[in-house]
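Novice: Attaching a single structure in structure tokens format; questions to follow.
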Amino acid sequence: MGSCETPDEARLKLEVAGVFGRAAFTYDRVGPRFFSYFGHRLVELARIPSGADVLDVATGRGAVLVPAAKAVGARGHVTGTDLSEAMVRETAEEIGRLGRGNVRVCQMDAEYLLLPDESFDCVLCGFAIFFFPRLERALAEMRRVLRPGGRIALTTWDRSFDEQWQWFHELVKAHLPPEAEMEQTPESRALPSPELDKPEGLEGAMKAAGFTDVHVVSEAADFIYPSDDVWWASLWSHGVRERLEAVEQATDSEGLERLKAAAFERIRTIKRADGIHQLFPVLFTLAIRPQSETGA
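Using my numbering, read the sequence shown as starting at 283 and increasing by one per residue.
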């Protein structure tokens with residue numbers, strides 16, 4: 283945590299780290315592995331050369347980290363950072379099992395990267411920039427550690443991702459008492475701008491941070507949950523977990539069961555023969571640190 287941040291920003295980071303710490307064991311391990319899928323696509327679009335030095339900010343369970351390590355090969359190196367101690371522990375253990383000696387994982391705040399200037403050829407960040415209370419600070423840090431001419435590549439959710447599942451958000455609200463409804467989730471509190479789910483918003487943020495050649499690619503992929511129970515379990519394995527915990531804490535276990543029953547009732551109306559389909563629309567943002575720029 284940085285010394286210049288406000289108490290609200292510090293509290294928000296602790297909440298985000300807590301939610302993902304509690305989800306770390308099953309993160310991207312329950313249901314369809316959409317984080318891994320888009321992690322591979324991010325690495326493909328970043329066109330990382332063999333032998334490169336790569337930084338993966340907010341690495342989670344390595345959805346971007348692992349394919350990046352494959353891309354750089356034995357001569358390259360990949361560093362993964364995450365705010366959650368539990369995420370770092372789980373990912374480091376998995377990297378050890380995979381025997382990847384060119385990868386290291388460490389706990390670190392994206393807004394205060396304890397890394398040397400101009401030390402990476404590529405900086406990656408998957409589905410995390412909307413959690414940073416001061417996005418401009420995090421992007422400045424990513425630019426600082428990136429070598430001139432190096433590439434930054436990140437993913438965010440497209441606006442339609444939230445719209446197609448608005449019914450679920452409304453259902454959660456309906457199962458919260460009025461006073462709890464006033465509380466925002468860590469994700470919504472952290473979101474610096476709603477424009478981060480639109481190409482023009484992302485382009486503006488990257489250009490304001492000093493990056494050039496900004497290019498936003500829109501893609502979508504369909505994923506299938508084989509059963510209601512797998513879909514419900516997957517909700518506990520990522521950021522949505524915070525909303526479920528809010529219902530459980532504000533009401534009781536019976537309140538959570540009522541929410542689950544209502545959600546299952548709705549899910550059955552959209553479920554197909556092979557399971558529950560969910561379309562994930564994603565924005566990939568690619569940009570360059572100018573060659574002429576030196577220093578932070």
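Backbone N, C-alpha and C fix where the C-beta goes; we use that ideal spot for every residue, glycine too.
Can you say whether GLN560 is buried or exposed, counting buried as having 16 or more other CB atoms within 10 angstroms of its CB?
Specialist: It counts as buried.
Novice: Give me the Cβ distance between PRO314 and TYR507, rounded to the nearest whole Å; I'm assuming they're in contact under 8 Å.
Specialist: The Cβ separation is near 7 Å, so the contact holds.
Novice: Going by other Cβ atoms of all chains shown within 10 Å of its Cβ, with 16 needed for buried, is PRO289 buried or exposed?
Specialist: It counts as exposed.
Novice: DSSP three-state call for GLU423: helix, strand or coil?
Specialist: Looking at GLU423 - three-state DSSP - the assignment turns out to be helix.
Novice: Over the uninterrupted alpha helix (DSSP H) stretch that includes PRO572, give me the two end residues.
Specialist: Here PRO572 belongs to no alpha helix (DSSP H), and DSSP marks it neither H nor E.
Novice: Which whole-angstrom value is the C-beta distance of PHE566 and ALA435, which I expect to be below 8 Å?
Specialist: Confirmed, Cβ separation roughly 7 Å.
Novice: For TRP513, which residues of its own chain have a beta-carbon under 6 Å away from its beta-carbon, when the five flanking residues on both sides are left out?
Specialist: Excluding sequence neighbours, TRP513 sits near TYR507, ILE558.
Novice: Which first and last residues belong to the alpha helix (DSSP H) in which GLY521 is found?
Specialist: Looking at the DSSP string, GLY521 is not in any alpha helix (DSSP H), and its letter there is neither H nor E.
Novice: VAL354 and ALA368 - do their beta-carbons sit closer together than 7 Å?
Specialist: Cβ atoms of ALA368 and VAL354: not closer than 7 Å.
Novice: Measuring CA to CA, which of LEU417, VAL427, PHE307 is closest to THR361?
Specialist: The residue with the shortest Cα to Cα distance from THR361 is VAL427.
Novice: Is the CB-CB distance between CYS407 and VAL339 below 7 Å?
Specialist: In this structure, VAL339 lies closer than 7 Å to CYS407 by Cβ.
Novice: How would you call CYS404, buried or exposed, if buried means at least 16 neighbouring beta carbons within 10 angstroms?
Specialist: That one is buried.
Novice: Please check the pair LEU347 and VAL298, which I expect to be a contact at CB under 8 Å, by giving their CB distance rounded to whole angstroms.
Specialist: That pair is no contact at about 19 Å.
Novice: ALA351 and ARG382: beta carbons closer than 7 Å?
Specialist: Contact flag set, yes.
Novice: How would you write the range of the alpha helix (DSSP H) that LYS552 sits in, first residue to last?
Specialist: Per the sequence shown, the amino acid found at residue 552 is Ile instead of Lys. Element bounds for ILE552: 535-552.
Novice: Report the rounded CA-to-CA distance for ASP511 versus ALA545, giving the unit in angstroms.
Specialist: Approximately 11 Å between the Cα atoms of the pair.
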